[in-house]
Amino acid sequence: MPALNKLLTIGIGLIVTAAGLKVLGLHKESLGLAGIASVAFALATQNALSQFISSLILCNPESSISVGDYIMLLGVDGEVSDIGWFATTIVTPDSTPIVIPNTDVLQAKVSNISLNTKRRMVEEFAIVPEAPEDAFAAVEEIREMLWNSGIADTSKEIRCHVWGFKGTGLLVRLECNFDAPGTNPQARDIELDSRHAVMERVVRILARHRCKMGGYPVTVVAAPDAQ
Numbered sequence: 488m489p490a491l492n493k494l495l496t497i498g499i500g501l502i503v504t505a506a507g508l509k510v511l512g513l514h515k516e517s518l519g520l521a522g523i524a525s526v527a528f529a530l531a532t533q534n535a536l537s538q539f540i541s542s543l544i545l546c547n548p549e550s551s552i553s554v555g556d557y558i559m560l561l562g563v564d565g566e567v568s569d570i571g572w573f574a575t576t577i578v579t580p581d582s583t584p585i586v587i588p589n590t591d592v593l594q595a596k597v598s599n600i601s602l603n604t605k606r607r608m609v610e611e612f613a614i615v616p617e618a619p620e621d622a623f624a625a626v627e628e629i630r631e632m633l634w635n636s637g638i639a640d641t642s643k644e645i646r647c648h649v650w651g652f653k654g655t656g657l658l659v660r661l662e663c664n665f666d667a668p669g670t671n672p673q674a675r676d677i678e679l680d681s682r683h684a685v686m687e688r689v690v691r692i693l694a695r696h697r698c699k700m701g702g703y704p705v706t707v708v709a710a711p712d713a714q
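Counting from 1 along the sequence shown, just add 487 to a position and that's the residue number in this note's numbering.
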């Protein structure tokens with residue numbers, strides 16, 4: 488449909504132009520040259536006009552993105568550093584500027600991470616207690632620590648429980664939400680600080696309960712349900 492609409496627009500433009508030139512008394516040869524020139528001009532300016540209109544839409548205060556937002560689109564993620572007349576510049580985490588035409592930005596599916604101010608932390612780790620009761624006592628204290636830490640969002644569910652076994656150890660899963668305003672470099676520091684603060688306290692609790700910690704993979708994901 489967009490292609491058909493463009494062809495119809497060009498066709499109508501040619502007809503109107505031809506009619507106007509005929510009224511002025513120009514010959515058929517002139518009409519033909521004028522028609523060709525009109526098509527060439529339309530094709531040459533169509534892309535520039537589309538980019539310009541797209542920039543006006545992107546610069547609108549109600550646009551889905553703005554300068555400073557951390558976004559993901561077309562396989563690229565980074566911070567929007569500039570929205571120009573014809574293209575948008577995104578700076579990736581390794582400081583590489585990526586320039587994307589504004590029409591492509593409008594047509595693509597954009598994930599604006601900065602609009603989500605909540606993060607969900609999921610930690611899984613193994614602990615080896617000297618006695619089984621030590622492990623369960625440690626897990627209970629970790630849960631209480633999260634509630635009173637001032638880090639976790641207590642309006643959402645906080646979980647810390649034993650969910651399996653690994654060799655002579657127990658597998659523990661910890662889940663909680665916390666605030667992080669977007670995913671720009673500053674917000675990433677907030678995420679890291681929150682995660683490190685939680686895990687440092689976990690290690691101290693385990694030591695008090697004579698438990699050793701194994702490796703723990705960390706996953707931090709956006710939590711729309713935490714909004």
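Glycine included, each C-beta is placed from N, C-alpha and C at the ideal position.
_Would F573 and P588 qualify as a contact pair, given that the criterion is a beta-carbon distance under 8 Å?_
As a first step, residue 573 is located in the sequence shown; it is residue number 86 there, counting from the start. As a first step, residue 588 is located in the sequence shown; it is residue number 101 there, counting from the start. Taking 8 Å as the Cβ cut-off, F573 and P588 qualify as a contacting pair.
* Asked: What residue from D564, D581, T575 has the CA that sits closest to V554's CA?
  -> Working through the sequence shown from its first residue, we reach residue 554 at position 67. It is T575.
Give the straight-line distance between the Cα atoms of D569 and D680, rounded to the nearest whole angstrom.
Counting from one through the sequence shown, the residue named residue 569 turns up at place 82. Counting from one through the sequence shown, the residue named residue 680 turns up at place 193. If you take the alpha carbons of D569 and D680, they lie about 29 Å apart.
Rounded to whole angstroms, what is the Cα-Cα separation between V689 and E662? What you label residue 689 is simply residue 202 of the sequence shown in a count that begins at 1. What you label residue 662 is simply residue 175 of the sequence shown in a count that begins at 1. Distance between the alpha carbons of V689 and E662 is about 13 Å.
- request: Whole angstroms is fine: what's the gap from M453's alpha carbon to G637's?
  value: The structure shown does not extend to residue 453, since the chain is modelled only from 488 to 714, so the question has no answer here.
Within this structure, are the beta carbons of M686 and I614 separated by less than 8 Å? Numbered from its first residue, the sequence shown carries residue 686 at position 199. Numbered from its first residue, the sequence shown carries residue 614 at position 127. No. Outside cutoff.
* Determine the direct distance from the alpha carbon of D564 to that of V577, and round the result to whole angstroms. => Counting from one through the sequence shown, the residue named residue 577 turns up at place 90. Counting from one through the sequence shown, the residue named residue 564 turns up at place 77. The residue asked about is misnamed: residue 577 is Ile in this sequence, not Val. Their Cα atoms are separated by approximately 8 Å.
Quick one: grab the DSSP three-state call for F717.
Coverage of the chain is limited to positions 488 through 714, which leaves residue 717 absent and any answer about it impossible.
- Message: Considering just the uninterrupted stretch of the beta strand (DSSP E) at L593, what are its terminal residues?
- Response: As a position in the sequence shown, residue 593 is number 106, starting the count at 1. Note, L593: premise wrong, no beta strand (DSSP E); alpha helix (DSSP H) at 589-594.
### Task
Name the two residues that bound the continuous beta strand (DSSP E) containing H696.
Along the sequence shown, read from residue 1 onward, the residue named residue 696 stands at position 209. No beta strand (DSSP E) holds H696; DSSP gives it neither H nor E.
query: How would you label P616, buried or exposed, when you count the other beta carbons within 10 angstroms and need 16 or more for buried?
result: By 1-based counting over the sequence shown, the position of residue 616 is 129. It is buried - the Cβ of P616 has at least 16 other Cβ atoms within 10 Å.
- Message: For I629, tell me which candidate among D666, R660, V592, D591 has the shortest Cα-Cα distance.
- Response: Reading the sequence shown from its first residue, position 142 is the one you call residue 629. Cα-wise, what sits closest to I629 is R660.
Q) When the distance is taken between beta carbons, is F652 closer than 8 Å to L658? A) Position 171 of the sequence shown, counted from the start, is the residue given in the question as residue 658. Position 165 of the sequence shown, counted from the start, is the residue given in the question as residue 652. Contact: yes.
Worksheet item: Tell me the DSSP bridge mates of R682?
Response: Taking the sequence shown and counting its residues from 1, one reaches residue 682 at position 195. Per DSSP, none; premise fails for R682.
Within the same chain, show all residues whose beta-carbon is closer than 6 Å to that of L561, passing over the 5 residues directly before and after it, in chain order.
In the sequence shown, residue 561 corresponds to position 74, counting from 1. Once the five neighbours on either side are set aside, the close Cβ partners of L561 are A595.
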